[in-house]
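Read the structure below first, then the notes.
Now the structure itself:
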């Protein structure tokens, strides 16, 4: 929600943010342990793409789970240039 809220691309109104939050209830979220493997992958990604540890954690999770990463962070998309890191506007 933070990424959506502070996205400069989409200036969402409060009512739109509430609708997005409500829609998120329909999705299942999995909690991952920040184990040694994920820590190492996160560090590797952060250094390779010169991105924050915070952003690198999401990229590392996507790599480890062979998943797509949807984000509103255009700097992350540009920095990584990874095919699985996509803008949230492209989510279908």
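In our numbering, the protein residues as written are 71 to 162. Cβ atoms here follow ideal geometry from the backbone N, Cα and C, with glycine treated the same way. Note that the coordinates shown come from a computational prediction; the quantities given were computed from them, not determined experimentally.
In angstroms with no decimal places, state the Cα-to-Cα distance between residue i and residue j.
i: residue 102; j: residue 89; result: 26 Å
i: residue 134; j: residue 92; result: 28 Å
i: residue 109; j: residue 98; result: 24 Å
i: residue 129; j: residue 148; result: 13 Å
i: residue 156; j: residue 136; result: 14 Å
i: residue 161; j: residue 139; result: 10 Å
i: residue 116; j: residue 96; result: 31 Å
With a Cβ-Cβ cutoff of 9 Å, do residue i and residue j count as a contact?
i: residue 146; j: residue 123; result: no
i: residue 150; j: residue 119; result: yes
Contact defined as beta carbons within less than 8 Å: I believe residue i pairs with residue j. What is the distance between those atoms, to the nearest angstrom?
i: residue 37; j: residue 127; result: For residue 37 there is no data in the structure shown, the boundaries of the chain being 71 and 162.
i: residue 132; j: residue 154; result: 6 Å
When we look at the beta-carbon of residue i and count the other beta-carbons within 10 Å, is it buried (16 or more) or exposed?
i: residue 143; result: buried
i: residue 94; result: exposed
i: residue 125; result: buried
Task: Ranges of the beta strand (DSSP E) found wholly within the region 83–156, counting only runs of at least 3 - done: 139–141
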